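So the numbering used here is basically just the index in the sequence shown, starting at one, shifted up by 918.
The structure under discussion appears below in the form of structure tokens.
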Amino acid sequence: MRMNRSTPEVTQLAESGPSRLRRLRAAMRIAHPDAVVTGREALWLNGIPVPPLGVVHLLVPLKRPGRADGSVTVERTTRMPDPLWRRGFPTAPSPRAAVDACRRAATVDHVRELITAAVRVGGVEVGDLHVELGLAPEQGTTLLRRVLGEIDRDLRWRSARAAQDLVDRAGLPPPIWTARLSTSRDVHLAVVDAWWDEVAFAWDCDLHRPWAPRVGLPALARAARLTAAGIVPLHTDPLRVRADPDSVADELRGAYRLAAGRPRPEVIMT
């Protein structure tokens, strides 16, 4: 066993579970009782298999003293997470832990590994990572923004391909993708994902932000605005586009028939 020169209280042990737990306990002893584990160690406590990198990352309220000495980083923050108790430790939820870990990652490959583990193994939603990134300090987020941008582009491509396949499955004519709609008086209505101009049918499946679909009141208000203009709107959760294509295809056909069965409203597509 080798003692860390900068902080003798925290030992650098093997990567086995018991050793990591002892190291975490040592780190918590030298921090304030309000401290919460985040970063790599929090991901590991949450069941996501990421190796340690030698530094235990803790969060404390802004009024508490910080610390950074090579073995423990105690970061002061105005945004303390609501901790989850994992193996006896107050632990940041996985989205927060992943963003904090990525902020301290040295290479883009390390960030990719962390995000891949968080999403594929830990079940972290990409949308939750976006939310946490938007709330995080700017420093140290460049690599994470780059990796999330790569993921976003891939998700958009996959969503667009799945939506096109669904239109074909439904037997509908090709729509106009990403159409801006306005009234005859040039009052903006919405930008919809797919638009059948001949019948004024609008389909939204969150093509451009599949990780953050419209839900609740925003989705209802959007549908009501389009309906008031005489448009037949259909909103499909992006998860259903891939998980339940037959049902969604039926809904597309039904909405198209409904739109075709009444006079076309005075709506302009640009």
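Heads up, the beta-carbon is just placed ideally off N, CA and C, and yes, glycines get one too.
Just so we're clear, the structure is a prediction, and the values are computed from it rather than from any experiment.
If you draw a straight line from the C-alpha of Arg1160 to the C-alpha of Arg1005, how long is it? 37 Å
Out of Arg1127, Ala1080 and Thr1096, point me to the one whose CA is closest to Leu1066's CA. Arg1127
Distance CB(Ile1033)-CB(Leu1002) smaller than 9 Å: Their beta carbons are not under 9 Å apart, which means Ile1033 does not touch Leu1002 by this criterion.
Is the CB-CB distance between Pro1013 and Glu993 below 9 Å? no
Can you look up Ser937 in the DSSP assignment and give me helix, strand or coil? helix
Nearest to Val1110 by CA position, among Phe1007, Pro1151 and Val973, is which residue? Pro1151
Are there any heavy atoms of the ligand NAD lying less than 8 Å away from the beta-carbon of Thr1060, as far as the coordinates show? What this structure holds is no ligand at all, so the ligand NAD is not there to describe.
When the Cα of Val1037 is compared with those of Pro967, Trp1075 and Arg1140, which residue comes out closest? Measuring from the Cα of Val1037, the nearest candidate turns out to be Pro967.
Taking the alpha-carbon positions, what's the Val1133 to Ala1142 distance? 14 Å
Tell me which residues share the same chain as Asp1115 and place their Cβ nearer than 7 Å to its Cβ, disregarding the 5 neighbours each side in the sequence. Ile1094 and Met1187
Count the other CB atoms, across all protein chains shown, that sit within 10 Å of the CB of Glu959; report buried if there are 16 or more and exposed otherwise. buried
Taking Trp1129 as the reference, which of Val1049, Ala1080, Arg947 and Ala986 has the closest Cα? Val1049
Which of helix, strand or coil DSSP assigns to Arg1023: Here residue 1023 is Ala; the residue named in the question, Arg, does not match the sequence. Looking at Ala1023 - three-state DSSP - the assignment turns out to be coil, as it is neither helix nor strand.
Can you tell me the Cβ-Cβ gap for Gly988 and Val973, rounded? I've got them flagged as a contact below 8 Å. 7 Å
Rank Gln1082, Val954 and Pro969 by C-alpha distance to the C-alpha of Thr996 and give the top, closest one. Ranking the options by Cα distance to Thr996, first place goes to Val954.
Under a Cβ-count criterion, where at least 16 other Cβ atoms within 10 Å of its own Cβ denotes burial, should Thr1145 be classed as buried or exposed? exposed
Residues sharing a beta bridge with His1106, DSSP: Ser1100
Trp1075, buried or exposed, once every other Cβ within 10 Å from all chains shown has been counted against 16: exposed
Which term fits Val1017, buried or exposed, when burial requires 16 or more other beta carbons within 10 angstroms of its beta carbon? buried
Exposed or buried, Ser1102, counting other C-beta atoms within 10 Å across all chains shown (16 or more means buried)? exposed
Rounded to the nearest angstrom, how far is the Cβ of Val1084 from that of Ala1167, given a contact under 8 Å? Inspection of the sequence shows that residue 1084 is occupied by Leu rather than by Val. Yes, Leu1084 and Ala1167 are in contact; Cβ-Cβ is about 6 Å, under 8 Å.
Who does Asp1111 pair with in a DSSP beta bridge? The partner list for Asp1111 (beta bridge, DSSP) is empty, contrary to what the question assumes.
Between the alpha carbons of Thr929 and Ala944, how many angstroms are there, rounded? In this predicted model, Thr929 has a pLDDT of only 39, less than 50, meaning its place in the structure is not dependable; the value taken from the coordinates is given anyway. Roughly 8 Å between the two C-alpha positions.
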